[in-house]
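As structure tokens, the structure follows; a few thoughts come after it.
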RNA sequence: GCCCGGAUGGCGGAAUUGGUAGACGCGCUGGACUCAAAAUCCAGUAUCCCUUAAAGAUGUGCGGGUUCGAUUCCCGCUCUGGGCACCA
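Residue numbers (the numbering used here): 2 to 920.
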């Protein structure tokens, strides 16, 4: 019998599906283990060889844990709402549901070929109404909760109302927006609308005005993590800053908990660091400056981490989007300020960042320095961000490079505050030195002066200590069709939640998927988009909504009474191992932690962190091939000759290239305009250039895993992807070496079969054979726990070399089990051939016996002053003094010592002997 | 600019965390089997010196340091990948 992988793989994939081999139920008798992959967005391009890398790694771990006796939850599904399907719908009129369904089918087909041990009975899509019912439910919970800072948790809004009725707004310490303080009496007298407006300032899911990233091309707002370098992450369209009223999630209330929680997680340091930076905690102080504008007095609060530098404030700056900007513009400066605001508005986010031009305008008002009493001008400039701190700053040009640039440009004074600081060319930003020109702070070091200044400011009622975070509330509305509708209607202009029984609120059918002519989101096209006579919200939720609590749903996916039952949640608890890419560091992985913490506060989740351990698989890049077209012609020139011409680079499909040589005929047939392409060859061949790039349909460098499965089999693909190198590392796809892994599997097969002869015997294994086996058991155990799969594959190859010609059942049977996580199909086949009725999944991981592995003798390299001279063969298990004694008495040693006196002998058990001679 | 990583043969990558650097695989060279090819198996494969071998020397991006001993630890660079970027 030959190793016919196509037959074997098909056979067992069908068997697993028919027998539901990987179906799992909560079982309190067994320890649980939850292995989760970041579920994919089913794009039209299908899976490429990069996708399965993480899935294979997690599948190996899941299979390994099963062999170790764990009850393993290993589900899969699809993150199905998203922009590409909708963009496609706008262009073609095809319902995104249809596109998504087709893509999912394709993904499933491709996934099934690789032999994953997913429990498909738990599959769902985020676009299933049965699922998004619970996304909407969670939103309603957030809508009806507020964040109590004293208790540091979310609480029902009724409790807030009760507190207001009892003690007014000052009786609570909540994370909230701006509003005038009020007493209990005032509260009771407020109109319903006024009450609703105030409560909206407290809700965890709230509607509020803020500066948002507006992408006109996509017709929607975007979250900060969806914008890269001023362009939308999806599609790469320019983004503008705009003030809009949007649904938002009060993620910022959880900033401190999100930061602290990181300490307890088993994630890579780099990923934790990314999240820390994104949360961006900074300690400082808020200070109030009195500002006079056209004779009227105002108070402006600023945030600073350098309270010690107040004496050096020579001007103030407001953000163009700040609410103070209008109030503090004097009549004389009005025209100029308005012209400036208009010019800022027109700039894309990209231009604002990239240009870094120093721009600004004088507001016409003057502020008073609260410590020195001096009058300083108030300016308006885009370098001050509306969203961070208070949207206004005190400028200390001597010790802040941005303020310095601004002061130089507009000729404002610079007062140095640190002894010996030279500020003639640039600012002195370092937090070190001795203060001067600073009144009562003179003579202190910066480190002493910062708290001293804050203490002073607090004592005099000018300001207070304050911790600021970069993390903003998440913009939660999208002006799009293909997302979860908000279960909110507007009764008398008041946002009103739909009752839970009305969920899911399903997407309406509409004729076109683009915005209405008057700029309303697509849902406004629906014929009857209302509830109980009240109009429904027309925007939809963003992509991250559905992926924020999906891991909880997998615990209990068919429950129609709850997101997850208490029993299921208490058994499966949280994800023990989560595998996915780092690109979600500041998006999904923050939102999901926030979402989970919220559900934890309300008692719906029993763990406050969703993902205990996280492994980031590196991207598999594609190798893109290039041809060079001579500019203005249809002639292409081979890579070696391209410098002689003026050329432009043209990407060519990898399928037409072998060994960097282009199949020119295939290229001509590829697209009509190539039909009469000419080629300038070198040595009779057309050589392509290449570059390592992201694997993408548009780069023609996508390698489909199906092709690898056809040619080598899924087991080879799995082993090969793991053998490629550490999973965290990014690496270009290449099939160099895939033959080696394939050869390994064939070799393994031949230990059982010599053509049609079954070789397996019941003979007793030798000591050497047991040693080879147990070395592998020990290595595999250790490597899998450390996610070092490439070395495990190596260990397999070594073991096979050592076990050459051994066909003893006592050795082969455990080998099959050991191989099963990596190459499940061949393992399953051989396991059955060995006479087992049930799947190898139900086998146990072989027990590691160290005694088989220990050597009888140990080879010690003996070196003198660092130079290795000879190898000393000594019995194993000797103690350090015994080895030392042996060295000193050894005749060979004496030969090299040549009478010199031994200073010391260094013995590391099992390692080395180093003899230091007296000079 | 700031914050993390990384750099080892022709290539992908190992190295029990301070102890024989280059495991394993690819590629390459030679050999066996074969009419031949494929497949399979065996041997060799860091560099230099050398006809070859032995022996030796050099060698983990560069320059220093600690140590009997450094790919591993420390200091200073270079290159490179990634993240953040007017965050006051």
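Glycine included, C-beta positions come from ideal geometry on N, C-alpha and C.
Original post:
Terminal residues of the continuous beta strand (DSSP E) containing residue 395?
Top reply: 393-396
Original post:
Taking Cβ positions, are residue 826 and residue 234 nearer each other than 8 Å?
Top reply: no
Subject >> Through-space distance from residue 482 to residue 44, alpha-carbon basis >> reply: 17 Å
Original post:
Leaving out five residues before and five after residue 535 in sequence, what residues of the same chain have Cβ atoms less than 6 Å from its Cβ?
Top reply: Only 490, 491, 492 meet the Cβ criterion.
Original post:
residue 636 bridges to which residues according to DSSP?
Top reply: Per DSSP, the beta bridge partners of residue 636 are 679.
Original post:
If you check the beta carbons only, do residue 691 and residue 716 fall under 8 Å apart?
Top reply: no
**OP:** Within the same chain, show all residues whose beta-carbon is closer than 6 Å to that of residue 777, passing over the 5 residues directly before and after it, in chain order.
**Re:** Result list for residue 777: 796, 800, in chain order.
Original post:
Would DSSP call residue 920 helix, strand or coil?
Top reply: Confidence is the limiting factor: at residue 920 the pLDDT is only 43, short of 50, which leaves the residue's position unreliable, though a coordinate-based value still follows. Of the three classes helix, strand and coil, the one that applies to residue 920 here is coil, per DSSP.
Subject >> Assigned secondary structure, residue 4 (DSSP; H/G/I helix, E/B strand, else coil) >> reply: Coil at residue 4, not helix or strand.
Subject >> Whole-angstrom distance between residue 230 and residue 517, CA atom to CA atom >> reply: 29 Å
Original post:
Would a C-beta distance cut-off of 8 Å place residue 484 and residue 543 closer than the cut-off?
Top reply: yes
**OP:** Can you say whether residue 559 is buried or exposed, counting buried as having 16 or more other CB atoms within 10 angstroms of its CB?
**Re:** So residue 559 counts as exposed.
Original post:
What are the residues that DSSP puts in a beta bridge with residue 469?
Top reply: 283
Subject >> Proximity of residue 921 and residue 629 at Cβ, strictly below 8 Å >> reply: Nothing in the structure corresponds to residue 921, since the chain is present only between 2 and 920.
Original post:
Taking just the CA atoms, how far does residue 178 sit from residue 397?
Top reply: The alpha-carbon of residue 397 is positioned some 29 Å away from that of residue 178.
**OP:** Tell whether a beta-carbon distance below 8 Å holds between residue 829 and residue 13.
**Re:** yes
Subject >> Cut-off 8 Å between Cβ atoms - residues of its own chain near residue 792, not counting five sequence neighbours on either side >> reply: 780, 784
Original post:
Taking C-alpha atoms, which residue in 361, 328, 349 lies nearest to residue 340?
Top reply: 361
**OP:** May I ask which residues mark the beginning and end of the beta strand (DSSP E) holding residue 215?
**Re:** First-last of the beta strand (DSSP E) with residue 215: 206-216.
Original post:
Would residue 80 pass as a contact of residue 34 if the rule is Cβ separation under 8 Å?
Top reply: No, Cβ-Cβ distance for residue 80 and residue 34 is not below 8 Å.
Original post:
Out of curiosity, what's the CA-to-CA distance linking residue 394 and residue 301?
Top reply: 9 Å
**OP:** Out of 126, 569, 687, point me to the one whose CA is closest to residue 641's CA.
**Re:** 687
Subject >> Residue from 519, 533, 312 whose Cα sits closest to the Cα of residue 441 >> reply: 312
Subject >> Completely contained alpha helix (DSSP H) runs for the stretch 131-178, where each covers 4 or more residues >> reply: Qualifying alpha helix (DSSP H) stretches, in chain order: 158-168.
Original post:
Given residue 519, which residues of its chain have a CB within under 7 Å of its CB, disregarding the five upstream and five downstream residues?
Top reply: none
Original post:
Taking the Cβ atom as the reference point for each residue, do residue 474 and residue 249 lie within a distance shorter than 8 Å?
Top reply: yes
Subject >> Local conformation of residue 515 per DSSP, three classes >> reply: coil
Subject >> Three-way DSSP call (helix, strand, coil) for residue 867 in this model >> reply: Caution applies to residue 867, whose pLDDT of 49 falls short of 50 and renders its modelled position unreliable; the value that the coordinates give is listed next. Of the three classes helix, strand and coil, the one that applies to residue 867 here is coil, per DSSP.
Original post:
In this structure, does DSSP put residue 101 in helix, strand or coil?
Top reply: helix
Subject >> Classification of residue 735 by the beta-carbon crowding that lies within 10 angstroms, buried from 16 upward >> reply: exposed
Original post:
In its own chain, which residues sit with a C-beta less than 7 Å from the C-beta of residue 5, not counting the 5 before and 5 after it?
Top reply: Sequence-distant partners of residue 5 (beyond 5 residues in either direction) whose C-beta falls short of 7 Å from its own C-beta are missing from its chain.
Subject >> N-terminal and C-terminal residue of the alpha helix (DSSP H) that residue 490 is part of >> reply: Looking at the DSSP string, residue 490 is not in any alpha helix (DSSP H); the run it does join, the beta strand (DSSP E), is 489-492.
**OP:** Would you mind reading off the limits of the beta strand (DSSP E) that contains residue 35?
**Re:** 33-38
Subject >> Given residue 557 as reference, the closest of 733, 122, 208, 670 once Cα atoms are compared >> reply: Looking at the Cα atoms, 122 is the closest of the given residues.
Original post:
Taking C-alpha atoms, which residue in 582, 451, 854, 769 lies nearest to residue 39?
Top reply: Closest option to residue 39, Cα to Cα, is 582.
Original post:
With DSSP run on the structure shown, which of helix, strand or coil describes residue 1?
Top reply: Only positions 2 to 920 of the chain appear in this structure, which leaves residue 1 out of reach.
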